[in-house]
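Asks: One structure, pasted below without further comment.
Numbering (our numbering), first residue to last: 2 to 256.
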């Protein structure tokens, strides 16, 4: 039976940011540049997602409604929604710096806010999923990033990274089932000098999943050292790459 990820889409920037950071964290200046249908808050009653509640940002739809498939669509469905909005320059730079290509981005969904950490570390759990898996393990890579900037940091730094690596972004090329398609795994090997991190990949079969995407990552933790009581800026962004079809999404656990 299609188990339960309930999504309420069309959230405000304030609602999304406050859900993510939780109570007791000073959060200000939230902004949301995202189609109304592409974002939402989710709660789980039974799922292989591994997160019980939080926010979801997508390059397509967050909720399945009116015959259009969202991130919580039934197994075997395909999420492929074109929102006809622009991509994001920072995501475009991120994917091209990692692949050496000249890829364009489309259908961006971006949440930004300032926050004041009480401790010396900021961290949150997330899962990335995509319907680009597994056909386009390397040739087409939708992209996302969590960019933090502020005191003690040089520029804006992506903290959505493979565990134990200094700068290997989480994405379809870096986390997959190891089976090449399209251009295949050589583009990963040429860029990162390593094979894909298959141990972090979950293949969503029709009997096991409550998330629409063909594949997704295990739960990752974005983490960064910060200076307590200083103000930092966080940007959470996801976009289609190369074309505007076959959606991707990132689920972030409520704080």
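All residues carry an ideal CB built from backbone N, CA and C; glycine is no exception.
1) Let me know the secondary structure DSSP gives residue 183 once reduced to three states.
2) Given residue 182, which residues of its chain have a CB within under 6 angstroms of its CB, disregarding the five upstream and five downstream residues?
3) Tell me where the alpha helix (DSSP H) around residue 1 begins and ends.
4) Once you ignore the five residues that flank residue 198 on each side, which residues in its own chain have a CB closer than 7 angstroms to its CB?
5) Where do the ends of the alpha helix (DSSP H) carrying residue 22 lie?
6) Helix, strand or coil: which one does DSSP assign to residue 9?
7) In whole angstroms, give me the CA-to-CA distance for residue 168 and residue 158.
8) Does the distance from the CB of residue 247 to the CB of residue 113 come in under 8 angstroms?
9) Can you tell me which of 118, 87, 204 puts its alpha carbon nearest to the alpha carbon of residue 238?
10) Within its chain, find whatever has a CB closer than 7 angstroms to the CB of residue 10; leave out the 5 residues flanking it on each side and keep chain order.
11) Assuming residue 144 and residue 96 form a contact by the criterion Cβ under 8 angstroms, report the distance between their Cβ atoms to the nearest whole angstrom.
12) So who's on the other strand from residue 237, going by DSSP bridges?
13) In the DSSP assignment, the beta strand (DSSP E) including residue 223 goes from what residue to what residue?
14) Can you tell me the Cβ-Cβ gap for residue 250 and residue 57, rounded? I've got them flagged as a contact below 8 angstroms.
15) Between which two residues does the beta strand (DSSP E) carrying residue 28 extend?
16) State the DSSP-derived secondary structure class of residue 1, mapped to helix, strand or coil.
17) Looking at the secondary structure, which residues open and close the beta strand (DSSP E) in which residue 86 lies?
18) Shortest alpha-carbon distance to residue 8 belongs to which of 217, 98, 219, 213?
19) Residue 217 bridges to which residues according to DSSP?
20) Excluding five sequence neighbours on each side, which residues of the same chain lie with their C-beta closer than 6 angstroms to the C-beta of residue 53?
21) Please classify residue 158: does DSSP put it in a helix, a strand, or coil?
22) So for residue 44, helix, strand or coil by DSSP?
23) Go ahead and pull the three-state DSSP assignment for residue 242.
24) Rounded to whole angstroms, what is the Cα-Cα separation between residue 60 and residue 92?
25) Within 10 angstroms of its Cβ, does residue 230 collect 16 or more other Cβ (buried), or is it exposed?
26) Should residue 5 be labelled buried (16 or more other beta-carbon atoms within 10 Å of its own) or exposed?
Replies: Straight from the coordinates:
1) Within the chain shown, residue 183 is the residue found at index 182, counting from 1. Model confidence at residue 183 stands at a pLDDT of 42, short of 50, so the residue's coordinates are unreliable; what they give is reported in the following sentence. It is coil, neither helix nor strand.
2) On the chain shown, position 181 is the one that residue 182 refers to. Below a pLDDT of 50, predicted positions are generally treated as unreliable, and residue 182, at 45, falls in that range; no measurement from the model is reported.
3) Limits of the chain in this structure are 2 at one end and 256 at the other, which puts residue 1 out of reach.
4) Here residue 198 is taken as the residue at index 197 of the chain shown, counted from 1. Cβ within range, chain order: 163, 175, 176.
5) Position 21 of the chain shown, counted from the first residue, corresponds to residue 22. From DSSP, the alpha helix (DSSP H) with residue 22 extends over 14-22.
6) Here residue 9 is taken as the residue at index 8 of the chain shown, counted from 1. Of the three classes helix, strand and coil, the one that applies to residue 9 here is strand, per DSSP.
7) Within the chain shown, numbered from 1, the residue matching residue 168 stands at position 167. Within the chain shown, numbered from 1, the residue matching residue 158 stands at position 157. Distance from the CA atom of residue 168 to the CA atom of residue 158, rounded to whole angstroms, is 9 angstroms.
8) Taking the chain shown and counting its residues from 1, the one referred to as residue 247 is at position 246. Taking the chain shown and counting its residues from 1, the one referred to as residue 113 is at position 112. Their beta carbons are not under 8 angstroms apart, which means residue 247 does not touch residue 113 by this criterion.
9) Here residue 238 is taken as the residue at index 237 of the chain shown, counted from 1. The candidate whose alpha carbon is nearest that of residue 238 is 87.
10) Numbered from its first residue, the chain shown carries residue 10 at position 9. Excluding sequence neighbours, residue 10 sits near 37, 38, 40, 41, 63, 64.
11) Stepping through the chain shown from its first residue, residue 144 is reached at position 143. Stepping through the chain shown from its first residue, residue 96 is reached at position 95. The Cβ separation is near 4 angstroms, so the contact holds.
12) Translated into the one-based positions of the chain shown, residue 237 becomes position 236. Under DSSP, residue 237 shares a beta bridge with 112, 147.
13) Within the chain shown, residue 223 is the residue found at index 222, counting from 1. Its beta strand (DSSP E) spans residues 221-226.
14) Counted from its first residue, the chain shown places residue 250 at position 249. Counted from its first residue, the chain shown places residue 57 at position 56. Residue 250 to residue 57, Cβ: 6 angstroms. Contact.
15) As a first step, residue 28 is located in the chain shown; it is residue number 27 there, counting from the start. Taken as a continuous stretch (DSSP letters only), the beta strand (DSSP E) holding residue 28 covers 27-34.
16) Since the first and last residues shown for the chain are 2 and 256, residue 1 lies out of range.
17) Within the chain shown, the letter at position 85 stands for residue 86. First-last for residue 86: undefined, no H or E at that position.
18) Working through the chain shown from its first residue, we reach residue 8 at position 7. Comparing Cα-Cα distances from residue 8 to each of 217, 98, 219, 213, the minimum goes to 213.
19) Here residue 217 refers to the residue found at position 216 of the chain shown. In DSSP, residue 217 forms a bridge with 130, 203.
20) Counted from its first residue, the chain shown places residue 53 at position 52. Non-local beta-carbon contacts of residue 53 in its own chain, meaning distances under 6 angstroms to residues more than five positions away in sequence, involve 45 in chain order.
21) Taking the first residue of the chain shown as 1, we reach residue 158 at position 157. DSSP, reduced to helix, strand and coil, places residue 158 within a strand of the structure shown.
22) Mapped onto the chain shown, residue 44 falls at position 43. Looking at residue 44 - three-state DSSP - the assignment turns out to be strand.
23) Locating residue 242 in the chain shown gives position 241, where the first residue counts as 1. Look at residue 242 here: in three-state DSSP terms it is strand.
24) Along the chain shown, read from residue 1 onward, the residue named residue 60 stands at position 59. Along the chain shown, read from residue 1 onward, the residue named residue 92 stands at position 91. Taking the straight line from one Cα to the other gives about 12 angstroms.
25) On the chain shown, position 229 is the one that residue 230 refers to. Its Cβ having fewer than 16 others within 10 Å, residue 230 is exposed.
26) Here residue 5 is taken as the residue at index 4 of the chain shown, counted from 1. Residue 5 counts as exposed, since fewer than 16 other C-beta atoms from the protein chains shown sit within 10 angstroms of its C-beta.
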